[in-house]
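Asks: Following this message is one structure expressed as structure tokens.
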DNA sequence: TAGATGTATTGATATATGTCATTATCTTTG
DNA sequence: CAAAGATAATGACATATATCAATACATCTA
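Residue numbers (the numbering used here), protein chains in the order written: chain A, 17 to 250; chain B, 17 to 250.
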């Protein structure tokens, strides 16, 4: 008999090796509180995890797979904010504002995530200053990354934006150099704020100049210095 | 004899009517702690308040005037993030990351600000959960606004972006309808991610269509519905 | 295996937007 | 007040980028 998606696994948070680093400062009793309201869920590639505009009830910790978070804008155009990999958590700004999701999340690989009730999370923020500070640290780093994204998207031309995307995938997501991605060309377009046709054209230029090797979704950055320069010069 | 810029005024935080709303949850003793490390500073129009890349040592509460915060990008191009008015505070993400400023701040009117030592601020975050939660609320609202900015800047065409800037100035900054701004055309360009010439052209179009009245830096939005529609349709 | 469906690629074309040069207007200052 | 300097406005032009249409390729499914 298969495990149901809402199965709460017996392995507790205290002994879990796959928990987000933000939980490092929690004691056994605090981890048990999280464990009590925790649910582990499996998502298949392409499945929507939560949708912009719906109530935000859970803290989500990704333990397996990969997830894209994206803002749904006008004319069915999306802007991908992050590609989240294990073990990172996803928590939008809605929790301390209007309790809503302000971006959507979708699995781009088969994924597993733990959902933790937000009441528990917020209680821990109030009672454990180290936890609160760690959370503020994470929020701040995300904010700093957003500033970089602002500059990339608004002040760089297409080659610079694609360079940024490729470097992001190599350094922050897959963390290897020849890397295989499950992102479509449309996803790359949604990360760089351009049309998919333009993405394809720029990738071709990079290939023709031997800056990258790209075969379908297998990428290898051959000339990192050159790619960095393209990122710099916009 | 004139007051020096570093003069610490005698009026305490406890009785101050000009303090940011985030301080509402602090008790007398906590406000006194802030008061002890507080310095009031006057800035003239055009003066740099702090610069991106320098150490971030203070929480800044604006009590008079107006301030633009902006990211300094490539090729001397800036991206204005916010126009801050009294009584709001300015606090970047650096405090909980690398202790650096990640954007610059400049007075666009003669301004007065209180600077509070960050050690005191961070101590209060740790010891007063209400204060921490209020701060998280503020950070979250800023983050949500940034998402809107992302969509405006990356998915809208110039008329939509200018519409967003005009509505922002009317609703969030000057809060009156005929309003007078001290922002240059270049500033409007830095808010909407375009060239100043393009700003001028779009403003002219809006004038020709009787959507706005614009005489130098005096603006009046004549047809709010139309401007909202332009903002929506991009 | 063949058809169907979605995704990727390419080329031709349209268009939004930036750049540059020039003139106009405002603001400062001696 | 006049000169100088900054800011604003306008037009001509260049170009980055999107759109549209056609084809190729891959992947699923019956």
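Think of the CB as a built atom: it goes at the ideal place given N, C-alpha and C, for glycine as much as any other residue.
Would you identify the three-state DSSP class for residue 130 of chain A, choosing helix, strand or coil?
Replies: Strand.
Asks: At 4 residues or longer, what runs of the alpha helix (DSSP H) sit wholly inside the region 135 to 219 of chain B?
Replies: You should have 145 to 171, 174 to 184 and 201 to 208.
Asks: If contact is defined by three or more beta carbon pairs under 8 Å, each pair taking one atom from either stretch, is the region 66 to 75 of chain A in contact with the region 222 to 241 of chain B?
Replies: Touching, no.
Asks: For residue 117 of chain B, count neighbouring C-beta atoms within 10 Å of its own C-beta (all shown protein chains included) and say buried if the count is 16 or more, exposed if not.
Replies: buried
Asks: Counting C-beta neighbours from all protein chains within 10 Å, is the total for residue 244 of chain B 16 or more, i.e. buried, or is it exposed?
Replies: exposed
Asks: From this set, B:142, B:62, B:149 and B:235, which residue's C-alpha is nearest residue 121 of chain B's C-alpha?
Replies: B:62
Asks: Any beta-carbon of chain A closer than 8 Å to the one on residue 202 of chain B?
Replies: Output row for residue 202 of chain B: interface = no.
Asks: Return the CA-CA distance between residue 239 of chain B and residue 91 of chain A, expressed in angstroms with no decimal places.
Replies: 24 Å
Asks: Helix, strand or coil for residue 75 of chain A? Go by DSSP, reduced to three states.
Replies: If DSSP states are grouped into helix, strand and coil, residue 75 of chain A belongs with the strands.
Asks: Please determine, among B:203, B:174 and B:248, the residue with the shortest C-alpha to C-alpha distance to residue 218 of chain B.
Replies: When each option's Cα is compared against that of residue 218 of chain B, the closest is B:174.
Asks: Cβ of residue 58 of chain A within 8 Å of Cβ of residue 128 of chain A?
Replies: The answer is yes: Cβ separation under 8 Å.
Asks: Distance cutoff 8 Å, beta carbons only. Does residue 132 of chain A sit that close to anything in chain B?
Replies: no
Asks: Listing by chain order, which chain A residues have their CB less than 7 Å from the CB of residue 157 of chain B?
Replies: What residue 157 of chain B touches in chain A: 113.
Asks: Could you check the C-alpha separation between residue 103 of chain A and residue 80 of chain A for me, to the nearest Å?
Replies: 7 Å
Asks: Taking only beta-carbon positions, decide if residue 92 of chain B is within less than 8 Å of chain A.
Replies: no
Asks: Identify, in the order they occur along the chain, each residue of the same chain with its Cβ nearer than 7 Å to the Cβ of residue 19 of chain A, setting aside the five sequence neighbours on each side.
Replies: In this predicted model, residue 19 of chain A has a pLDDT of only 46, less than 50, meaning its place in the structure is not dependable enough to derive any value.
Asks: Going by other Cβ atoms of all chains shown within 10 Å of its Cβ, with 16 needed for buried, is residue 94 of chain A buried or exposed?
Replies: Result: buried.
Asks: Relative to the C-alpha of residue 112 of chain B, which residue among B:151, B:210 and B:60 is closest?
Replies: B:151
Asks: Provide the residue span of the beta strand (DSSP E) that contains residue 46 of chain B, from first to last.
Replies: Careful: residue 46 of chain B lies outside any beta strand (DSSP E), inside the alpha helix (DSSP H) at 44 to 52.
Asks: Could you tell me if residue 172 of chain A is buried or exposed, where buried requires 16 or more neighbouring beta carbons within 10 angstroms of its beta carbon?
Replies: buried
Asks: Kindly list the residues whose CB is nearer than 7 Å to the CB of residue 179 of chain B, restricted to its own chain and excluding five residues on each side of it in sequence; keep chain order.
Replies: 243, 246 and 247
Asks: In or out: residue 203 of chain A buried (at least 16 other Cβ within 10 Å) or exposed?
Replies: buried
Asks: The alpha helix (DSSP H) spanning residue 91 of chain B covers which residue range?
Replies: It is not in any alpha helix (DSSP H) - residue 91 of chain B carries neither H nor E in the DSSP assignment.
Asks: Should residue 176 of chain B be labelled buried (16 or more other beta-carbon atoms within 10 Å of its own) or exposed?
Replies: buried
Asks: To the nearest angstrom, how far is the alpha carbon of residue 241 of chain B from that of residue 169 of chain A?
Replies: 29 Å
Asks: Helix or strand or just coil, what does DSSP make of residue 242 of chain A?
Replies: Residue state, collapsed to three classes: helix.
Asks: Taking the straight line between their C-alpha atoms, what separation do you get for residue 190 of chain A and residue 99 of chain A?
Replies: Between residue 190 of chain A and residue 99 of chain A, the C-alpha separation is close to 10 Å.
Asks: Let me check understanding here. Comparing Cα to Cα, which of B:71, B:140 and B:31 lies closest to residue 108 of chain B?
Replies: Nearest to residue 108 of chain B by C-alpha distance, out of B:71, B:140 and B:31, is B:71.
Asks: Starting from the Cα of residue 74 of chain A, find the closest Cα among A:201, A:136 and A:148 and give me that residue.
Replies: A:136
Asks: Could you tell me whether the Cβ of residue 69 of chain A comes closer than 8 Å to any Cβ of chain B?
Replies: Interface criterion not met: the Cβ of residue 69 of chain A is under 8 Å from no Cβ in chain B.
Asks: Do you know offhand how far residue 155 of chain B's Cα is from residue 224 of chain A's?
Replies: C-alpha of residue 155 of chain B to C-alpha of residue 224 of chain A: approximately 44 Å in a straight line.
Asks: Can you tell me which of the three DSSP states residue 40 of chain A falls into?
Replies: helix
Asks: For residue 89 of chain A, tell me which candidate among B:88, B:166 and B:85 has the shortest Cα-Cα distance.
Replies: B:166
Asks: Give me, in chain order, the residues of the same chain whose beta-carbon lies closer than 6 Å to that of residue 34 of chain A; leave out the 5 immediate sequence neighbours on both sides.
Replies: 79 and 103
Asks: Look up residue 247 of chain B in the DSSP assignment and give the residues it is bridged to.
Replies: According to DSSP, which records beta bridges pairwise, residue 247 of chain B is partnered with nothing at all.
Asks: Could you check which residue in B:183, B:138 and B:28 has the C-alpha nearest to that of residue 55 of chain B?
Replies: B:28
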